[in-house]
Amino acid sequence: MLPLPKDFSKIVIRPRGGLDISRIGAGVVADAIVLAAGVEEEEAMQDIICPSLQQNIMVASTPDQDIASRYLKVKNIDIGGKVFEVIAYATAPHDMCKGVIRGIPINDTKDILNRKIVNVNNPLALQAKRIKDTGTIIIAFEGHKVPRFVRYGPLLLQCSLYRKHVDICDVCGKLGHRADVCPNPGETICRGCEIKNPDEQ
């Protein structure tokens with residue numbers, strides 16, 4: 001993917017339901033995203049939308065916070081009369097780093113997480129987000145250095161650098177996406193012997 005302007009907000013839009021961006025065409029998918037976000041053609045001219053075909057995602061980059069919030073609200077896109085569900089989320093800005101803390105109660109909501117982490121006790125903490133339904137929390141920090149310890153309310157926890165992992169699909173065997181967002185859910189490949197559609201044989 002091309003480098004995007006550092007001062008733009010970046011929103012990742014991940015299609016579900018078998019939508020393959022490389023097969024449909026990035027231009028068609030980009031037009032559907034702009035339409036679903038309610039962004040006028042003139043407004044969209046300042047934005048940059050580019051695909052990552054390996055990950056089967058689109059990244060919308062915009063200098064306007066109002067437009068960024070509209071991209072974030074997109075839940076479905078219509079392509080040729082067929083509606084596909086999408087998941088949209090913002091990426092961390094360029095001047096940030098991410099850390100991880102573990103052992104946080106699963107019943108603590110997002111509001112509780114942010115109240116206990118993003119406060120005067122953790123001056124560099126900007127946002128906290130849970131990884132799925134686990135006790136692991138990713139924290140976005142201002143700057144390029146992750147603090148060694150983070151306060152979670154009164155509790156002092158060790159914080160380590162968040163390392164992004166590369167997903168591998170259990171359905172098609174390709175790198176860059178998970179099985180639940182596979183663009184080719186009907187093309188199963190055995191990961192051991194690489195036989196296509198092993199259930200049929």
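Here the sequence shown stands for residues 1 to 201, numbered as in the UniProt record's numbering.
Each residue gets a CB set at the ideal place from its N, CA and C atoms; glycine is no exception.
Just so we're clear, the structure is a prediction, and the values are computed from it rather than from any experiment.
Does DSSP put residue i in a helix, a strand or coil?
| i | result |
| --- | --- |
| Val-34 | helix |
| Lys-6 | coil |
| Lys-82 | strand |
| Ile-21 | helix |
| Lys-98 | strand |
Do residue i and residue j have their C-beta atoms closer together than 9 Å?
| i | j | result |
| --- | --- | --- |
| Val-100 | Ile-138 | yes |
| Ala-128 | Val-12 | no |
| Ile-24 | Ile-87 | no |
| Met-96 | Leu-126 | yes |
| Ile-21 | Pro-147 | no |
| Ala-26 | Leu-53 | yes |
| Asn-136 | Ile-104 | The question names Asn, yet the displayed sequence has Thr at residue 136. Yes, Cβ-Cβ distance for Thr-136 and Ile-104 is below 9 Å. |
| Phe-141 | Lys-98 | yes |
| Ser-69 | Phe-8 | no |
| Arg-115 | Leu-157 | no |
| Gly-17 | Phe-84 | yes |
| Val-34 | Ile-48 | no |
| Asp-64 | Glu-43 | yes |
| Val-181 | Pro-51 | no |
| Ile-106 | Thr-134 | yes |
Please classify residue i as buried or exposed, where buried requires at least 16 neighbouring CB atoms within 10 angstroms.
| i | result |
| --- | --- |
| Ala-36 | buried |
| Cys-193 | exposed |
| Gln-55 | buried |
| Met-58 | buried |
| Cys-190 | exposed |
| Arg-163 | exposed |
| Asp-66 | exposed |
| Leu-19 | buried |
| Lys-10 | buried |
| Asn-122 | buried |
| His-94 | exposed |
| Arg-178 | exposed |
| Val-120 | exposed |
| Val-74 | buried |
| Ile-117 | buried |
| Val-39 | buried |
| Thr-188 | buried |
| Ile-77 | buried |
Is there at least one Cβ from chain D nearer than 9 Å to residue i's Cβ?
| i | result |
| --- | --- |
| Val-150 | Looking for chain D here will not work: only one protein chain is present. |
Contact the stretch 3–10 vs the stretch 163–183: 3+ CB pairs below 8 Å: no
Mind pulling the alpha helix (DSSP H) runs of 4 or more residues that sit fully within the stretch 25–73? 26–37, 41–44, 65–72
Contiguous beta strand (DSSP E) assignments of at least 3 residues, all confined to the stretch 145–198: 149–152, 155–158
What residue ranges within the stretch 113–147 form continuous beta strand (DSSP E) runs of no fewer than 3 residues, ordered along the chain? Runs found: 125–130, 137–142.
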